[in-house]
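Chemist: Protein chains in written order, with my numbering: chain A, 24 to 819; chain R, 18 to 353; chain S, -7 to 159. This is the structure, below, for whatever I ask next.
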Amino acid sequence: MSGFNVIGKPWPKVDALPKCTGETRYADDLHFPRMLYAKILRSPHAHARIRRIDVSRAQAVPGVHVVLTGRDLPTRFGILPVSQDEEALCVEKVRFVGDPVAAVAAVDEWTAEEALRLIEVEYEPLPALLTMEQALAESSVRIHEYGDGPNIHKLVSLEFGEVAEGFAQADYVREDIFFYAGSTHLPLEQHAAVAHYGPDGRLTLWSSTQTPHYVHRALAKVLGLPPHRIRVIAMPVGGGFGGKSDPFSHEIVVAKLALLTGRPVKITLTREEVFYVHRGRHPVLLWIKTGVRRDGTITAMHVRSFLDGGAYGSYGVATTYYTGALQTVTYKIPRYKFEGVRVFTNKPPCGPKRGHGTPQPRFALEVHLDKIAEDLGLDPIQMRRRQIVEAPSLTVNWLRISSCGLRACIDRVVEASGFREKFRRLPFGRGVGFACSAYLSGAGLPIYWNDMPHSGVQIKIDREGGVTVFCGSADIGQGSDSILAYIVAEILGILPEDVRVVTADTDLTPVDLGSYSSRVTVMAGNAAVEAAERLRRLLFRAAAERLDVPEDQLLARERRIFDQADPERGLDFAEAVQLAEARFGTLGAVGSYKPPKAPGRYKGAGVGPSPSYSYSACVAQVRVDPETGFVQVEKIWIAHDVGRAINPRLVEGQIHGSVYMGLGEALMEEHTFHSRLGVHTAPSMLDYKSPTPLEMPEVECFLIETEDPNGPFGAKEAGQGPLLPIPPAIANAVYDAIGVRIDEIPITPEKVLKGLEDKARGGSGRVGPTSIPSLTWPEPIRVEPPPEWRSSGDLT
Amino acid sequence: MLRLPPFRYYAPRSLEEALRILSDHGSQARIVAGGTDLYPKMKRRQIEPAVLVSVRRIPELAHLAGTGREGVTLGASLTLARVLAQDELVLAYPALARAFAMVAHPPVRSMGTVGGNLCVDTRCTYYDQTFFWREALGFCLKKDGTTCPVAPGGTRCWAVSSSDGAPVMIALGARLRLVGPRGERTIAAEEFYRDDGIRYLDKEPEEILVEVLLPPQEDWKSTYWKLRRRGSVDFPVLGVAVALRMESGWCREARIVLGAVGSCPKRIREAETLLEGNRLEPDVIAAVAHVVARSVRPLKNTDFLHLYRKKMASVFTQRALRELAGASLMDEASAC
Amino acid sequence: MEKQLITLKVNGELHTLAVPVFKTLLEVLREDLSLTGTKHGCELGECGACTVLVDGEPVLSCLVLPIELQGREVLTIEGLMEGGRPHPLQRAFAETGAAQCGYCTPGVLLSAKALLDRKPAPTRREIAEALSGNLCRCTGYLQILEAVERAAAQMRDVRSAATTDGR
Ligand SMILES: Cc1cc2nc3c(=O)[nH]c(=O)nc-3n(C[C@H](O)[C@H](O)[C@H](O)COP(=O)(O)OP(=O)(O)OC[C@H]3O[C@@H](n4cnc5c(N)ncnc54)[C@H](O)[C@@H]3O)c2cc1C
Ligand code: SF4
Ligand code: FES
Ligand code: FES
């Protein structure tokens, strides 16, 4: 591999062995002397006013230390500055079954539990709005007072170029409606947090969080403490997938309990509570209309998405934009209109789940294109392949494409899977389906707008050559700590095992915004490159003097610094370190990263830009049992343009995990609620169906390396993008297998049979939504497309 | 962490002692074997006994003897894994082996027992939930409440018999030996179950299931088909157990029992009669499957739509019969 | 809370503990013996994260009471190392990327050990079956299956080398 020592090789993760010996400590593994246990009382109502809370009986239980209610923590918070709508414990109103109402700290969980049962809450039930249709229709009942309309959290309307003109130019226009059900992250680790308030007046919170920086901010805000007296440590996270990216009520509650009791306090959510804190995939109803020429060239596209947001804002504003932002990043779309609405309902709040807001429109788009290809008698692969975006280029909605390996991705999977020989040719019951996708490598803008870096890295080096890297990023299992070690080791010419990584501790590590939006490899990676290169410069300068070799002739590898021309001539790494320290004083370096300025200048342009976009193409092969409706995915071929695979094994692991999660969503995972009371109908690992090893198909991965100019060593993301093509590829394969379109995720056996029966009765066999709620959309913000789109109308 | 509520625990070493403790504590006490059904329910406060009496140390319950030729005695406290490790037994009673091998997942099979499996509590989406959840929805008849959201207005509970073993035992013609304060009795497995989601067993709370007596197999062929969403972990939401006594291609005697579509395993005698005296021809199989599906009335209280389960009752019956008729169904088997 | 004296053999060591009888093995391991390597994801027998071995068989520690284990041997992830060296399964898992977040890993490793002790050369399907009670949300299982195969091959090599030496 192109002269790298560490990059591109399948090193074990730096934290792999401790995870296999049980040594790794997760938040719930912490235990302190005098520790108390906290429990939260939750609302049994989907929507109600809190009339009165009486905690006196709970307070009297021996072993109970403190009972908290909303009045003790009245300041609102939330991840986005525009949606500060959460309370650590509800003050006046509860908005979903599971909303936190009161909390207890006691000597053990039995006592805390007993105390919870003795808290008396008098509720005045309010009408529960459980569907988007209800919430939009019942404007007299309002879940929140704010938003873009009654029960409307966010309304977006954007038009890039004149879509009407584009549709007029089309030879064929098709409209479709799709539904993508809500699902949850189901991390194996239930959220946990421990707080301690020391006699020095400092508060420490250890938590299973992906975003210690934002938790830090929320704690300071709600507790009214100066941030420098709060330390947030993200423990190794036992699975996140976006579900641990918000500041949570339980984190604030234990912190407050620790403040009040002066004792360490721990809270661990039960599995059922994890379903209630949720922040999972938004259920999305999506209408899509595309105009194409006879050869399939897109002339215009119009998308309307309806997001069922649940009871709070969370990342929802961003999610809303994401359901419209990335359609343009795969295929050339010369005119594009997007309208989106996020509706509040009395259900657990939705938020970012792997792929954040993009799997739903991707499912719709890729199935829709498959239908268009069939309508026009075109090859679905060729039709897509002909209109892939160029790199570098700007999309019609001003997203900058720096590299794109989609064509190579397509070619690899099509060839490896034998797609052309199989498509429409396999016997009834078996089929293949194809889909592409793209995802961002980190959000281009921070959540709180500012000019500071998104990621910072600090490196310290000791006299024996040991290197410690400090970074605010949180390893949630994706291997971000290891990526930092590989990058620093590569640049300094040492081995990953020589690098110690200290991350996600707001006292010790420079800020990194967190493990969300697939940003860590690119952003923290770039910061690490900068810091390591700065340090290497010092080492080279000292070594050059000693060896009497020009600095630019030196090379660092295999724990040595040496003359490229005469490799014998060199120093041990540790020796070089000592020379440099003698020469420059204590060694250390910092690096930081801020994404390139996004070119878009319109309201809403903040969501979608990224330093780079990853691309995937996928072929799914399925077997459908026409009698039972069961869909068995036999094999997945997936190619992913990762820019550069810093560690191919980790990239494959991310791809497998994404395929898995996409498979679960495609076939069985679904958040369902009691239609009248809003109670989650399956809040357990038994009833919420997460695939076992027996459902997992064989997966053949291809890594495509395009060396993106903005990535560390050219790397792009791999953690989320590969999920996106899975549901549409499976849906397209099901159609190929049995001629029935299931335009609704998940594709359950019941739906498959319904489609087959309909078809047998002479119907189309399609299963899916047939209408969208009527809504008066605001006048769109009209955005002039970038110049290249203006000149020719459509670029082909 | 979901924790168990406090209780006292006894592990008697003889049946007499166990019976004495059970009658001392009356309705406060509960028998426990592997605990894989009871403990989750206790954690969710669906069952709140003050006293647990373990049967794991009683020697009579650990009995395992016999062969397929002469019949087999299975002690109630044998774990499912232990039974599955008996190769001879697996060969002689394929339906039983299939059923046990499809219970839950491997760790549960190495903990759960035969007796526990046959006495497994009935299940319902409105009942197998935490205290908090049941309170939020409104308690139901089976625990703490007075109404049934599955069949509002009714007075009975429709919770679903969810044992994989139960329908198979009935199909195999097994007999159960029970010992209680009033002595001992041996009954046909079929008589053990009642069509009532709450009192689903014909058994006094203090009665201990000691062993299962499996009759000789000789000319019998048997199989079991199970519907669940995933290939592991999940309880059955439909089970089809079929045992046929075949004589040179003719069905002489048939037992067809459906699990997980009602509060007790359901024997479909009309379908059995249709089969008896016939060959397993496609039209016979179709007719039998039709009758089976017509005879069951699953409700909306498990995974999958109830109408889908009803449809599958027909499909799975056909598959079970075709399998016994000798067709290779490997492909189809992978779908369930 | 009334406590009872029980003895429990964990990873070869005998412990005498005073604990409430209704505390599960999971709670006792984690809270009384500080063996926090055993994880939990549901406490209801539905996820497999809490799997330990009892006399070599996989058992869910969230559904078993220490008092039920008198005279039996419990093996937890902390006891899987042999003589301070990682077990071949642990090494294979680390090398293969089979542990992403690592939360399911202890339970998976113990289920895999039970399998390999019983069946040294399992097929991929048999491995998947044996691990089908251990849910993992990160890996998609494939690198886990690969790691178990790798460890199995390695353990067979070691064993056959040992028997050749013996001759
Ligand atoms: C995740 C999960 C999935 C499961 N999936 C399945 C499945 O697919 N199929 C299935 O059939 N079961 C399933 N089960 C239920 C259960 O684990 C098994 O049925 C198991 O065999 C029960 O045995 P046990 O010894 O653990 O029962 P226990 O929990 O000990 O007892 C169950 C009931 O039987 C009574 N009892 C036990 N032994 C006796 C006796 N000797 N005499 C009288 N009464 C007795 C107890 O009082 C209790 O009411 C599942 C459980 C879990 C947690
Ligand atoms: S059938 Fe009705 S009464 Fe019985 S458990 Fe279900 S909800 Fe309760
Ligand atoms: S914690 Fe024991 S099985 Fe989930
Ligand atoms: S590695 Fe995270 S759950 Fe398996």
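Beta carbons: idealized from backbone N, C-alpha and C, even for Gly. Fair warning: this is a prediction, and the values are worked out from it, not measured in the lab.
1. If you run the structure through DSSP and keep just helix, strand and coil, what is K279/A?
2. Check whether the region 679 to 698 of chain A and the region 60 to 67 of chain A are in contact - that is, three or more C-beta pairs closer than 8 Å.
3. Secondary structure at K328/R, three-state DSSP: helix, strand or coil?
4. In the structure shown, what three-state DSSP assignment does A176/R receive?
5. Taking 6 Å as the limit between beta carbons, can you name the residues of its chain near I204/R, skipping five residues before and five after?
6. Between H122/R and chain S, is any beta-carbon pair separated by less than 9 Å?
7. What's the C-alpha gap between G339/A and A628/A?
8. Since L103/A is in the alpha helix (DSSP H), which residue starts that stretch and which ends it?
9. Under the three-state reduction of DSSP, which class applies to Y95/S: helix, strand or coil?
10. Going along the chain, which unbroken runs of the beta strand (DSSP E) with 3 or more residues stay wholly within the region 381 to 453 of chain A?
11. What residues does ligand 2 have around it, judged by CB closer than 6 Å to any heavy atom, in chain order?
12. Near A352/R, what residues of its chain come up, given a Cβ to Cβ distance below 6 Å and the 5 sequence neighbours on each side ignored?
13. Taking 6 Å as the limit between beta carbons, can you name the residues of its chain near W660/A, skipping five residues before and five after?
14. Return helix, strand or coil for K238/R, following the three-state DSSP convention.
15. From T819/A to I356/A, what distance separates their C-alpha atoms?
16. Does the beta-carbon of E38/S, which I'm using as the reference point, lie nearer than 8 Å to any heavy atom of ligand 3?
17. Check whether the region 736 to 744 of chain A touches the region 608 to 617 of chain A, taking contact to mean three or more Cβ pairs, one atom from each stretch, closer than 8 Å.
18. Quick one: list the residues of chain A neighbouring L189/R, beta-carbon separation under 8 Å, in chain order.
19. Say yes only if the C-beta of A41/S is nearer than 8 Å to one or more non-hydrogen atoms of ligand 6, and no if none qualify.
20. Grab the span of the alpha helix (DSSP H) containing R65/A for me, first residue to last.
21. Around the Cβ of S152/S, are there at least 16 other Cβ atoms within 10 angstroms (buried) or fewer (exposed)?
22. Determine, for V89/A, whether the minimum Cβ-Cβ distance to residues of chain R falls below 9 Å.
23. Hey, how far is the Cα of V305/R from the Cα of L211/A?
24. Taking the CB atoms as reference points, tell me whether A120/S and L401/A lie closer together than 9 Å.
25. By alpha-carbon positions, which one of R582/A, G608/A, G611/A and V613/A ends up nearest to I598/A?
26. Between the region 245 to 273 of chain R and chain A, which residues of the former have a C-beta closer than 9 Å to a C-beta of the latter?
27. Looking only at its chain, what residues have a beta carbon closer than 8 Å to the beta carbon of L226/A, apart from the 5 residues adjacent to it on each side?
28. Tell me which residues of the region 74 to 105 of chain S have at least one Cβ-Cβ distance to chain R shorter than 7 Å, keeping chain order.
29. Got a sec: is the Cβ-Cβ distance from M147/S to anything in chain A below 9 Å?
30. Residues in its own chain within less than 8 Å of C373/A by CB, not counting five upstream and five downstream?
31. Leaving aside the five residues before and after V734/A along the sequence, list all residues of the same chain whose C-beta is less than 8 Å from its C-beta, in chain order.
32. In the DSSP assignment, what residue or residues form a beta bridge with C724/A?
33. State buried or exposed for G200/R, treating a residue as buried only when at least 16 other CB atoms are found within 10 Å of its CB.
34. Looking at chain A, is there any beta carbon in it that lies within less than 9 Å of the beta carbon of D29/S?
35. Report buried or exposed for L6/S, applying the criterion of at least 16 other Cβ atoms within 10 angstroms of its Cβ.
36. At a cut-off of 8 Å, is M708/A close to ligand 3 when judged by its beta-carbon and the heavy atoms of the ligand?
Modeler: The structure says:
1. helix
2. no
3. helix
4. coil
5. L193
6. yes
7. 16 Å
8. Careful: L103/A lies outside any alpha helix (DSSP H) and carries neither H nor E.
9. coil
10. none
11. C141/R, Y143/R, Y144/R, C157/R, L158/R, K159/R, C165/R, P166/R, V167/R, C174/R, W175/R, A176/R, G214/R and N318/R
12. Note that A352/R scores 41 on pLDDT, short of 50, meaning its location in the model is unreliable and no value can be drawn from it.
13. V436, A439, S440, V642 and E723
14. strand
15. Confidence is the limiting factor: at T819/A the pLDDT is only 44, short of 50, which leaves the residue's position unreliable, though a coordinate-based value still follows. Their backbone Cα atoms lie some 10 Å apart in a straight line.
16. yes
17. no
18. Correct list: empty, because the minimum Cβ distance to chain A is about 26 Å.
19. You won't find ligand 6 in this model; what it holds is ligand 1, ligand 2, ligand 3 and ligand 4.
20. Unbroken run through R65/A is the beta strand (DSSP E), L59 to R65; no alpha helix (DSSP H).
21. exposed
22. no
23. 44 Å
24. no
25. Sequence inspection shows Glu at residue 598/A; the Ile mentioned does not correspond to that position. That would be R582/A, whose Cα lies nearest to the Cα of E598/A.
26. R246, R247, G248, S249, V250, D251 and F252
27. A218, H219, Y220, L242, L246, L248, R252, I253, R254, A278, A281 and L282
28. S103
29. no
30. G205, H301, R302, G303, R304, H305, P306, L330, D331, G332, G333, S337, G339 and T342
31. The amino acid at residue 734/A is misidentified as Val; the sequence shows Gly. Within the same chain, G734/A has close Cβ partners S464, T544, V545, G548, N549, P634, S635, G666 and R667.
32. I661/A
33. exposed
34. A small correction: the amino acid at residue 29/S is Gly; Asp does not occupy that position in the sequence shown. Interface residue, yes.
35. exposed
36. yes
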